[in-house]
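Per our numbering, the very first residue in the sequence shown carries number -15; after that it's consecutive.
Read through the structure below, which is laid out as structure tokens, and then see the notes.
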Amino acid sequence: MGLSRLAALHGVATSYAPSADVTVSVPDDTVVAVLAALGVDASTPAAVEESLAAAESAAAARLLPPTLVVWSGEPLPAALIALRPGTTLEIEPEGPDGSPPPRMRVPGGPSDPAVPATVGTGPGTDSGAAPAASRTVFGTGTTGTGSGGTGTTGPVSSVPAPAPSWWSEPPLGVHRLTVRTQGGRSATTTLIVAPPRVPQPPQRTHGFLVQLYSLLSGRSWGMGDLGDLADLAAWSGRTLGAGFVQVNPLHAAVLGAPTDPSPYRPSSRRFPDPVHLHIESIPEYGHVPDRAALDDLRQSAEALSDTVLNKGALIDRDAVWELKRQALELVGEVTLTPGRRAAYCDFLAAQGQALEDHALWCALAELHGSDWHAWPSALRDPRSPQTARARAELLDRVDFHSRLAWLTDQQLAAAQSAARDAGMAVGIVHDLAVGVHPGGADAWAQQDAFARGMSVGAPPDAFNARGQDWGLPPWRPDVLAASGYAPYRGLLRGLLAHAGALRIDHVMGLFRLWWVPEGSPPTEGTYVSHDAEAMLAVLVLEAHRAGAVVIGEDLGTVEPGVREALARRGVLGTSVLWFERDWAGTGRPLPPEHWREGCLATATTHDLPSTAARLTGDHVTLRHRLGLLTRTLEQEQAEDATDTAGWLSLLARLGLLPEGEGDEEGAVRAVHRFLLRTPARMVGVWLPDAVGDRRPQNLPGTWDQYPNWRLPIADAEGRPVTLEELAASARLHGLMEVLDPGKRRPRPRTAPPGARSS
């Protein structure tokens, strides 16, 4: 009982329910290990009692939680309502966002109308009482630390909480709130004042989903780049009426060869990877004195692209980076013009310590390897005197990597500008991975914020009976809350700087994550809860500041109440055709009118078979060839054929398959006609679907058995297709006429010089 109470106080689950009628107990050893990673000793019964007494005492003595959320125009959290009469509140805005510090005093009693509020400035300020309303909040599982003061994990309902007459709402933003009681007690907390919802797409829109590295053009250096992204956005926006382009995470990868090709296991989520730079678009490129060296690199890049596009080679990110690194070294020797130097200095000032740490990690990784755990012991601490000396000694390399971050940021801005100039309603949709590589820059620079000896994953489910361990260290919820969510705020602000929208991978992680202790199988993990109210408030605030839409990847097992909480804040969900069924009833495909409106609707994703592969059954054959099936090939094929026939029958009954059965292209178009019948705010087309590609970009459950994250977009025969060929593809244009039949577009007659028709 004591261990369970202690775990609950720190948001650690001692059991979980994979389905409504099943409850699984978490091993005590797992709970003890997770508590230890949170700095809580539960190693013995005596230690449990001592830690429990300390936690309960601290909770009882706490005036306010370390971070407090106020939703603009909504009832106040219970922690503010409960303040004793006569308490003084002082609000000081953090940074440039806000007004001078207001002060207010809790009057003699909640019903005392004689004491007016002492502040009245800032948007959303209201010196009167707001009407009472019931609120649904998500607790952290830690008594007294959640935004709403709840002490349980999962959705709970609070009592009505009207705003008192003394409250005057401060401006939207992040503030420092200091509370002083008449008895001399005081407390300081971070106050997040957020708008009630994130921005929404200005109109219903459609667009492409693409893994950027897979989109090679005639000018690419062996993989797709930000120049290709800008070109895709400009072309598809103007010619096809597309409203967005969604890309994979462009986070900085771990340095070294071979590097992990997965964009979902980066070194840093805060800064982009310069491997995505289009070298020739850098202004200094034209002023490099050694033109012969640049020409040699360009020729090597052309040869590298040729091996991918014409000789069946896989995308080799390490080879691409080596060529680009050499070119960037030459570009870096060019003196910046005064205007460019001023812009660079502004960027350095804006990014501050975070960029210094990232660039220093890159410089140290060049000398000591890409895993900071293996560095000389003094350099493992980013704040040690030896690290400070290394920073000074490696100043040129730190500046080099800082400049690469700036150049990449500029090209990200150019891509979004190209999208908006082309009339896109949303523009570029960036992707936020769920975590970072344990040996990378973020894990080194933010060591205190990450739980040591823990990895994020997923519990056993119908798709993976062994569970999953993703090898990503989780953030500590307690450290995030104590910091006012500073690392999270900085991460979001950087990602949203040049985004029309942000997709959040495994958005359920805002509420809870599955932690797996080092050395244990994924089946022996447990859930650890975040203060989801605070996580959502930061997300909504930063998206509001950027004017960006937010899309949550909420596929798979989702805790009850999570989708409702996200929808309340305007976060769109993700709905994939093959998964949308009447799960509570017949299990049949869900009619289009029953889909939710607040979502991005697609036929597939990067982790799933392409639509052509699904319709033809090629995905079953592929999994059989790789030994991934749990039943016989005949059984899997029979079930898959039945499922596909059900969907095709529905499409035909709805009049969406005029081409008739046996027409693969017609069936792909019918699937997208179906998506248009749904009320979804955004409809996404997997770009490889437009040319009949049958290969998934990533096949979960494989490592070296399948070339994950290394395939160029290809046609139905497996021949790579360039961006220029995509633009000339009759198959693509036929599909896009389904998405936007009223758009007048030039029909391709012949492919560009050097391109193949597809």
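Ideal placement from N, C-alpha and C gives every residue a C-beta, glycine not left out.
So what does residue i bridge to, in DSSP terms?
{"i": "Leu(-10)", "result": "DSSP lists no partner for Leu(-10)."}
{"i": "Thr510", "result": "Trp499"}
{"i": "Ala178", "result": "Trp55"}
{"i": "Ala158", "result": "The displayed chain sequence assigns Val, not Ala, to residue 158. DSSP output for Val158 lists Ile176 as bridge partner(s)."}
{"i": "Gly569", "result": "Gly569 is not bridged to any residue."}
{"i": "Ala485", "result": "Val413, Val533"}
{"i": "Ile75", "result": "Leu161"}
Using a Cβ-Cβ cutoff of less than 7 Å, which residues in the same chain neighbour residue i once the five nearest sequence positions on both sides are dropped?
{"i": "Arg381", "result": "Ala347, Glu350"}
{"i": "Leu480", "result": "Leu486, Glu526, Ala527, Ala530, Ala532"}
{"i": "Val143", "result": "Caution applies to Val143, whose pLDDT of 35 falls short of 50 and renders its modelled position unreliable; the value that the coordinates give is listed next. Nothing meets the Cβ criterion."}
{"i": "His490", "result": "Val418, Glu537"}
{"i": "Trp390", "result": "Tyr328, Phe331"}
Out of the options, which one is the CA nearest neighbour of residue i?
{"i": "Tyr248", "options": "Ile488, Leu339, Ala311", "result": "Ile488"}
{"i": "Ala63", "options": "Leu716, Thr173, Ala429, Ser633", "result": "Thr173"}
{"i": "Gly221", "options": "Ala516, Glu76, Ile176, Gln400", "result": "Gln400"}
{"i": "Leu156", "options": "Ala527, Ala711, Arg637", "result": "Ala527"}
{"i": "Ala310", "options": "Thr321, Gly323, Ala277", "result": "For clarity, residue 310 is Gln in the given sequence; the question names Ala instead. Closest by alpha carbon: Ala277."}
{"i": "Ala403", "options": "Trp219, Leu67, Ala334, Asp257", "result": "Trp219"}
{"i": "Ser713", "options": "Pro725, Asp724, Pro684, Leu671", "result": "Leu671"}
{"i": "Leu464", "options": "Trp454, Pro273, Ala651, Gln431", "result": "Gln431"}
{"i": "Ala622", "options": "Thr600, Gly639, Leu641, Gly540", "result": "Thr600"}
{"i": "Asp25", "options": "Gly493, Val54, Ala(-9)", "result": "Ala(-9)"}
{"i": "Leu48", "options": "Ser170, Met519, Ser(-12)", "result": "Ser170"}
{"i": "Ala297", "options": "Asp257, Met207, Leu281, Gly646", "result": "Met207"}
{"i": "Trp345", "options": "Ala21, His482, Ala236", "result": "Ala236"}
{"i": "Arg637", "options": "Arg657, Glu648, Leu200", "result": "Arg657"}
{"i": "Ala429", "options": "Ser368, Leu60, Pro443", "result": "Ser368"}
{"i": "Ser265", "options": "Ser198, Pro258, Gly211", "result": "Gly211"}
{"i": "Gln395", "options": "Val16, Glu377, Pro256, Ala625", "result": "Pro256"}
Is the beta carbon of residue i less than 7 Å from the beta carbon of residue j?
{"i": "Val604", "j": "Glu620", "result": "yes"}
{"i": "Thr243", "j": "Thr165", "result": "no"}
{"i": "Val722", "j": "Arg653", "result": "yes"}
{"i": "Thr51", "j": "Gly468", "result": "yes"}
{"i": "Gly227", "j": "Gly191", "result": "yes"}
{"i": "Ala285", "j": "Leu312", "result": "no"}
{"i": "Glu581", "j": "Pro663", "result": "yes"}
{"i": "Val675", "j": "Arg715", "result": "yes"}
{"i": "Gln681", "j": "Gln230", "result": "no"}
{"i": "Thr595", "j": "Val655", "result": "yes"}
{"i": "Ala409", "j": "Thr189", "result": "yes"}
{"i": "Gly23", "j": "Pro461", "result": "no"}
{"i": "Leu(-7)", "j": "Ala39", "result": "yes"}
{"i": "Gly424", "j": "Ser251", "result": "yes"}
{"i": "Gly225", "j": "Asp724", "result": "yes"}
{"i": "Pro179", "j": "Ser(-1)", "result": "no"}
{"i": "Val524", "j": "Met492", "result": "no"}
{"i": "Ala214", "j": "Ala398", "result": "yes"}
{"i": "Leu494", "j": "Ala521", "result": "no"}
{"i": "Arg253", "j": "Val440", "result": "no"}
{"i": "Trp359", "j": "Pro443", "result": "no"}
{"i": "Ala597", "j": "Ser559", "result": "no"}
Spatial neighbours of residue i within its chain, please: C-beta separation below 6 Å, excluding the five flanking residues on both sides.
{"i": "Glu268", "result": "Val315, Val318"}
{"i": "Arg496", "result": "Tyr511, Ser513"}
{"i": "Ala764", "result": "Absent from the structure is residue 764, since the part of the chain shown begins at -15 and ends at 742."}
{"i": "Leu175", "result": "Leu52, His159, Leu161"}
{"i": "Leu550", "result": "Gly536"}
{"i": "Leu193", "result": "Gln230, Gly668, Trp670"}
{"i": "Pro2", "result": "none"}
Beta-carbon within less than 8 Å of residue i's beta-carbon, same chain only, minus the 5 sequence neighbours each way: which residues are those?
{"i": "Ser361", "result": "none"}
{"i": "Gly(-14)", "result": "Pro29, Val32, Glu33, Leu36"}
{"i": "Gly240", "result": "Ala349, Gly353, Ser354"}
{"i": "Thr686", "result": "Leu610, Leu612, Asn692"}
{"i": "Arg547", "result": "Asp538, Gly557"}
Could you tell me whether the Cβ of residue i comes closer than 7 Å to any Cβ of chain B?
{"i": "Val6", "result": "Reference to chain B is not applicable here, since this structure consists of a single protein chain."}
Contained alpha helix (DSSP H) runs [length at least 4] in the region 301 to 330, N- to C-terminal order: 301 to 316
4 or more residues per run - each alpha helix (DSSP H) lying fully within the region 387 to 456: 425 to 429
Contiguous beta strand (DSSP E) assignments of at least 3 residues, all confined to the region 579 to 656: If we require 3 residues or more, the beta strand (DSSP E) runs fully inside the region 579 to 656 come out as 583 to 586.
Ranges of the beta strand (DSSP E) found wholly within the region 226 to 257, counting only runs of at least 3: 228 to 231, 252 to 256
Ordered list of beta strand (DSSP E) runs contained in the region 655 to 692, each at least 3 residues: 666 to 670
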